[in-house]
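Some notes on the structure that comes next.
Number of protein chains: 2
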Amino acid sequence: MKRLDSSQKVRIALDAMGGDYGPSVVVEGAIMAAEEFGKQVELVLVGNSRMIEKEVERFKLKTAPFEIIHSSETVSMSDSAIQSFRKKKGSSLAVSLDLQKRGEVNATVSAGHTGAVMTHALFTLGRLERVLRPAIAVVFPTEKDVTVILDVGANPNCKAQHLYQFGVMGSVYTNTIHEKSNPKVGLLSIGEESSKGNELTVNTNKLFTGSNLNFTGNIEGRDVLTGKCDVVVCDGFVGNIMLKFAESVGGFFRSQAKRQVGKNILSNVGAFLMRPALRRVREKLDYAEYGGAPLLGVDGITIICHGGSSPKAIKNAIGVAAVSAADGINEKIKNNLRINGLTGKQMKTEENDFSIDK
Amino acid sequence: MKRLDSSQKVRIALDAMGGDYGPSVVVEGAIMAAEEFGKQVELVLVGNSRMIEKEVERFKLKTAPFEIIHSSETVSMSDSAIQSFRKKKGSSLAVSLDLQKRGEVNATVSAGHTGAVMTHALFTLGRLERVLRPAIAVVFPTEKDVTVILDVGANPNCKAQHLYQFGVMGSVYTNTIHEKSNPKVGLLSIGEESSKGNELTVNTNKLFTGSNLNFTGNIEGRDVLTGKCDVVVCDGFVGNIMLKFAESVGGFFRSQAKRQVGKNILSNVGAFLMRPALRRVREKLDYAEYGGAPLLGVDGITIICHGGSSPKAIKNAIGVAAVSAADGINEKIKNNLRINGLTGKQMKTEENDFSIDK
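From first to last, the protein sequence lines stand for chains A and B.
At position 139 of the first sequence (counting the first as 1) the number is 307 in our numbering, and the numbers step up by one without a gap.
At position 236 of the second sequence (counting the first as 1) the number is 404 in our numbering, and the numbers step up by one without a gap.
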């Protein structure tokens with residue numbers, strides 16, 4: 169993952185109350201970030217200041233390596249996204265995004281309720297010029313390195329135009345953050361031929377084929393982990409199901425393996441000896457390594473962390489937010505959509521008669 | 169998995185030329201089946217008789233434990249499904265299904281090209297009364313036992329009526345083959361609330377909620393492997409992507425583990441000691457255990473095996489075909505769709521205004 173150049177400096181708001189563990193994890197992540205990124209990344213922790221300060225005390229630092237802004241409310245995991253936006257104007261999430269809206273920070277990181285972060289960000293920051301639908305992108309490890317998958321849940325019902333723009337935004341993202349030039353974009357479908365898939369993918373394939381993106385065609389479920397593409401495009405329904413299925417697989421394999429190792433002494437010794445290797449596998453597959461899921465297409469930088477994020481995941485998300493802001497990812501997306509975009513007619517027309525306008 | 173009662177007897181056609189390895193694997197599977205099921209399952213191998221006989225010779229049996237019917241053609245993996253049906257009337261697949269159509273066998277098993285098997289079966293045998301769309305079901309292992317997932321590829325574009333019928337057919341299947349009474353049916357979606365998901369799942373949820381099925385509501389991608397449901401319903405696009413992704417995960421983990429074990433001697437010793445346990449895990453996760461994918465909803469029994477099937481997978485598919493035929497699974501599906509079905513109006517109406525008719 170790219171890091172800041174020595175001349176770059178950013179200021180980031182961190183929703184201290186978000187996530188399953190609230191300030192206890194977020195504060196530790198912020199301290200890790202301060203150590204790693206130093207003065208190039210100024211952090212502003214937004215949340216219950218008493219709780220934040222209490223967490224800081226655990227680390228026996230002279231002063232907290234970040235600013236604290238008190239907020240009186242918290243968006244809980246059970247809050248409705250839209251209600252929390254309407255009613256909880258003083259929440260740590262709302263205050264963080266307001267800071268960004270006013271230009272006082274360059275990015276926001278939150279491990280809160282995904283739907284709420286998305287809704288707050290979209291309503292507070294608005295959409296980027298030309299973007300029809302913002303999308304959530306995640307990073308999957310692959311045989312080769314990593315692949316960016318989007319959308320993974322923001323848009324359960326999509327049209328071809330939306331998927332096309334996801335391809336553009338995903339390309340810019342992986343180009344910026346993973347420093348891949350001319351990233352390969354694949355369309356997740358069932359069957360490699362352009363005519364295979366559902367109505368949505370058949371129409372989207374046409375848009376991609378006529379574009380300047382480095383489109384490798386349809387890919388199948390089995391191709392995701394091989395690293396055949398740098399960007400995998402799908403609608404938010406399919407992406408979310410695959411993401412959650414993938415998250416559950418490691419635990420399933422472990423429980424099966426434990427059951428089979430059972431009381432057999434040799435198997436147990438074997439498992440013990442393999443522990444360091446298996447830990448390294450787990451680390452490679454751990455989403456914490458990849459720094460949260462960017463909400464692409466809003467007019468600002470918002471990184472959504474998993475509710476169960478570790479301090480390391482928070483720290484890495486701060487790193488991604490910093491590079492996204494410093495490298496002007498949104499300017500790049502805007503330019504790319506201008507060069508590689510759809511005509512006004514295509515933006516509005518029905519799905520069946522697309523052709524790209526270069 | 170259920171086995172035949174001692175009084176049951178069936179006759180099954182086996183497409184000897186199907187699959188990546190053709191007769192070499194299919195003949196071995198048939199011999200394993202003959203040993204395991206004895207005279208209760210009469211097998212008819214359809215294919216190039218010279219090639220089949222040559223394979224039989226390898227086993228040094230006095231006589232082949234099955235009948236052989238010669239066919240002159242083979243549907244290859246690269247043939248178009250519809251073209252193969254129109255042009256290759258003498259293929260092993262076509263001849264097998266013709267035997268079933270004429271009532272000379274009770275079921276057909278093929279490891280051929282999935283699309284071709286589906287097309288041939290549908291056109292030769294026709295749909296079951298009341299069935300809108302046949303679906304392909306697969307069995308996934310879970311933390312508890314197994315779950316049946318459908319559709320996994322026959323129908324990339326679905327309406328709520330189709331998904332509803334998949335639920336009915338999947339229930340009957342797992343009740344018959346896995347002997348689960350009142351199987352729990354889950355609808356694969358993103359979010360557990362009935363209002364969450366895409367348009368298709370929101371509409372399907374309403375149909376299931378009003379039905380007599382044991383509907384547990386929406387489930388998420390992470391719930392598939394926990395065994396929360398006995399039947400997981402989804403459209404063929406989502407199901408196929410999840411199936412192929414799942415098939416790729418084992419290999420990905422193995423390659424990652426091998427890389428991490430690397431040249432470290434202790435890790436290597438550990439891996440060696442764990443081999444028997446890991447082999448048992450692999451066996452449990454091996455699709456070969458679960459006997460192929462039934463094509464549910466056609467007026468006959470057709471079991472589709474993976475192209476790369478092992479002899480054991482072929483043998484188990486024969487077992488599933490035998491029980492499906494002997495227990496009259498299609499009569500049960502027809503009855504169930506009669507009791508638990510949609511009204512004529514619902515079968516034709518748009519998706520938005522469904523309510524179930526009991």
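No residue lacks a Cβ here, since even glycine has one placed at the ideal position from N, Cα and C.
| message | According to DSSP, is Ala275/B part of a helix, a strand, or is it coil? | response | strand
| If we ignore side chains and look at the alpha-carbon of each, how far apart do Glu210/B and Glu311/B end up? | 35 Å
| said: Please report whether the beta-carbon of Asn425/B lies at a distance below 8 Å from any beta-carbon of chain A. | reply: One point to set straight first is that residue 425/B is Ala, not Asn, in the sequence displayed. True, the Cβ-Cβ gap to chain A drops below 8 Å.
| said: I'd like to confirm the pairing. Which residues does DSSP put opposite Gly385/B in its beta bridges? | reply: Gly354/B
| task | Can you say whether Ile236/B is buried or exposed, counting buried as having 16 or more other CB atoms within 10 angstroms of its CB? | result | buried
| task | Would you kindly report the start and end of the unbroken beta strand (DSSP E) that includes Arg179/B? | result | Val178 to Asp183
| message | Is there a C-beta anywhere in chain A that falls below 8 Å from the one on Met245/B? | response | no
| said: For Glu388/B, tell me which candidate among Ser217/B, Gly407/B, Leu446/B and Leu381/B has the shortest Cα-Cα distance. | reply: Gly407/B
| query | Cβ of Arg301/B less than 8 Å from any chain A Cβ? | reply | no
| field | Complete runs of the beta strand (DSSP E) confined to the stretch 216 to 280 of chain B [at least 3 residues] | value | 235 to 238 and 275 to 278
| Using 8 Å as the limit for Cβ to Cβ distance, is Phe522/B near chain A? | Any reading at Phe522/B is ruled out, since the residue's pLDDT is 35, under 50, leaving its predicted position unreliable.
| field | Any chain A beta carbon closer than 8 Å to Asn366/B | value | yes
| Which bits of chain A does Ala305/B rub up against, with CB to CB less than 9 Å? | Here the premise fails: no neighbours, minimum Cβ distance about 16 Å.
| said: Quick check: what's the CA-CA separation for Asp173/B versus Leu463/B? | reply: 23 Å
| query | In terms of residue numbering, what span does the alpha helix (DSSP H) encompassing Pro191/A cover? | reply | Pro191 to Phe205
| said: Please list the terminal residues of the continuous alpha helix (DSSP H) segment that includes Ile345/B. | reply: Ala328 to Ile345
| message | Against chain A, does Gly271/B count as a neighbour if the rule is that its beta carbon must be under 8 Å from one of theirs? | response | no
| Whose C-beta lies closer than 7 Å to the C-beta of Lys364/A among residues of the same chain, with five residues either side of it excluded? | Ser357, Ile358 and Asn386
| query | To the nearest whole angstrom, what separates the beta carbons of Val353/A and Leu267/A, a pair I think is in contact under 8 Å? | reply | Not really, about 34 Å apart at Cβ, beyond 8 Å.
| Shorter than 8 Å from the beta carbon of Asn432/B to some beta carbon of chain A? | yes
| task | Using alpha carbons as the reference points, say which of Tyr458/A, Lys480/A and Ala303/A lies closest to Ile501/A. | result | Ala303/A
| Straight-line gap, Val399/B to Gly418/B (C-alpha atoms, nearest Å) | 23 Å
| query | Taking buried to mean at least 16 other C-beta atoms within 10 Å of its own C-beta, is Asn504/A buried or exposed? | reply | buried
| request: Please name the residue or residues paired with Phe308/A in a DSSP beta bridge. | output: Thr315/A
| said: Tell me which residue opens and which closes the alpha helix (DSSP H) that Pro479/A is part of. | reply: Pro479 to Ala494
| Going along chain A in order, which residues have a C-beta closer than 9 Å to the C-beta of Gly389/B? | Asn408, Ile409, Met410, Leu411, Lys412, Phe413, Ala414, Glu415 and Ser416
| field | alpha helix (DSSP H) segment containing Asn472/A, residue limits | value | In the sequence on display, residue 472/A carries Ile and not Asn. Counting along the chain, Ile472/A falls outside any alpha helix (DSSP H), though it belongs to the beta strand (DSSP E) covering Thr470 to Ile472.
| field | Backbone secondary structure at Glu210/A - three-state DSSP | value | strand
| query | Which same chain residues, not among the five before or five after Asn484/B, have their C-beta less than 6 Å away from its C-beta? | reply | Gly459
| task | On a CA-only basis, which of Val401/A, Thr384/A, Asp313/A and Ser260/A is nearest His330/A? Give me that one, please. | result | Val401/A
| said: Below 9 Å on C-beta distance, what does Phe405/A contact in chain B? | reply: Ser357, Ile358, Gly365, Asn366, Leu368, Thr369 and Val406
| The alpha helix (DSSP H) spanning Ala284/A covers which residue range? | Thr282 to Leu293
| message | For the stretch 324 to 336 of chain B, list every residue whose C-beta sits within 8 Å of some C-beta in chain A, in sequence order. | response | Pro324 and Asn325
| Is the beta carbon of Gln428/B less than 8 Å from the beta carbon of Val491/A? | no
| So what does DSSP say about Leu505/B, is it helix, strand or coil? | helix
| Ordered along the chain, which non-local residues of its own chain (more than five positions away) have a Cβ less than 6 Å from that of Gly190/A? | none
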